[in-house]
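Participant: Sharing a structure below in structure tokens format, with a few things to ask.
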Amino acid sequence: MTTPETDDVAGQPEEQPRERLKDRLKERLEQAGARAQARPEERLERAVRAAEQALIEFEIAVETFRVEVENFSRLHHQKLGPMYTRLDELEALIAEATAARTGDPEDRRKADEARAQVMPMPGVEELFHGWMDGDGLFPEAAAMLTEQQVRPPQRVRPSDEVRKLYRELARKAHPDLAQDEDERARRDEFISRVNAAYGRGDETLLRELAEEWAAGPVPPERQPSPSEELYARLEWLAQRKELLTAVAQELEESAIGSMLRMAPEDPDALLDEIAEQLIAQVAEREAELERLTAA
């Protein structure tokens with residue numbers, strides 16, 4: 134027959150495993166909750182890493198194709214450029230010979246257009262890049278081109294109001310009044326703008342600077358959270374990919390890119406084929422010109 138004491142002792146081995154099981158279950162639940170809280174940022178980080186790697190590979194592919202297009206364009210120009218130039222010259226000579234025979238104004242116009250294709254002349258604006266106004270070259274540009282002395286800038290005499298504004302701003306924003314290095318840097322930058330405005334006698338700008346100083350420094354911007362930074366990074370990566378896609382499409386649709394896609398394995402053979410066609414066209418144009426000039 135058992136006593137109450139023996140019943141309590143006998144029950145202990147059964148209660149202890151249950152308590153340990155509860156503790157382990159509680160611990161696992163807490164760990165799962167912690168992982169659930171961290172999972173959104175972890176997923177974002179993995180997505181950003183994957184997008185970065187994909188963008189790097191895409192950039193390499195686009196840059197490789199760009200170099201191929203550039204190299205092929207150079208070869209195309211070196212090998213076929215003289216033939217194209219000869220064809221343009223022959224087209225102009227044929228058009229001029231035709232206009233000389235017919236005397237037709239339309240033929241003369243076509244001849245002038247063909248000759249312009251052979252000898253394109255840059256416009257005056259291209260030569261001087263904005264160094265001209267409505268009356269011709271700016272005086273400073275004309276002086277430099279003719280090695281004359283450049284006209285000195287006009288002296289500015291600040292008004293009394295400008296001097297008053299300047300003194301007030303200089304007293305308020307002087308760098309020596311700064312309490313720390315950041316404040317000194319802000320005051321140095323501000324005073325440099327004040328000095329520039331005073332040197333030009335710009336009263337309007339000085340008043341704007343006075344209002345800016347009275348408003349005080351711009352408060353620091355709120356720093357984005359880690360999730361916001363990751364989303365911003367993903368958005369930038371997507372925009373960068375769109376830009377590269379447009380570059381790749383432009384390369385593929387260009388004349389040289391289209392030629393490369395026609396013979397990706399042996400572009401040199403394509404150049405040889407085009408050269409043969411151009412040689413035949415040159416021979417045809419030369420024969421036509423000879424017929425026109427001999428008649």
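Plus 133 on top of the position in the sequence shown (first one is 1) and you've got this note's numbering. No residue lacks a Cβ here, since even glycine has one placed at the ideal position from N, Cα and C.
1. At the level of alpha carbons, what is the spacing between residue 190 and residue 400?
2. So what does DSSP say about residue 209, is it helix, strand or coil?
3. Please classify residue 209 as buried or exposed, where buried requires at least 16 other C-beta atoms within 10 Å of its C-beta.
4. Let me know if residue 349 comes out buried or exposed under the rule of 16 or more other beta-carbons within 10 Å of its beta-carbon.
5. With 16 as the cutoff for other CB atoms within 10 Å, does residue 183 come out buried or exposed?
6. Roughly how many angstroms lie between the CA atoms of residue 307 and residue 321, to the nearest whole one?
7. Go ahead and pull the three-state DSSP assignment for residue 352.
8. Work out the CA separation of residue 225 and residue 425 for me, nearest whole Å.
9. Measuring CA to CA, which of 214, 221, 351 is closest to residue 419?
10. Which first and last residues belong to the alpha helix (DSSP H) in which residue 360 is found?
11. DSSP three-state call for residue 398: helix, strand or coil?
12. Which whole-angstrom value describes the C-beta separation of residue 367 and residue 181, a residue pair presumed to lie in contact below a C-beta threshold of 8 Å?
13. Going along the chain, which residues of its own chain have a beta-carbon closer than 7 Å to the beta-carbon of residue 414, five neighbours each way excluded?
14. Using a Cβ-Cβ cut-off of 6 Å (strictly less than) and excluding sequence neighbours within five positions of residue 257, which residues of its own chain qualify?
15. Indicate whether the contact test is met: 3 or more Cβ pairs, each with one atom in the region 359–366 and one in the region 331–350, closer than 8 Å.
Facilitator: With the given structure in hand:
1. 24 Å
2. helix
3. buried
4. exposed
5. exposed
6. 8 Å
7. coil
8. 13 Å
9. With distances taken between CA atoms, residue 419 lies nearest to 221 out of 214, 221, 351.
10. 359–386
11. coil
12. 6 Å
13. 220
14. Note that residue 257 has pLDDT 43, beneath the 50 cutoff, so the model's placement of it is unreliable and the number below is only indicative. Same-chain partners within the cutoff: there are none.
15. Counting Cβ pairs under 8 Å, fewer than three are found: no touch.
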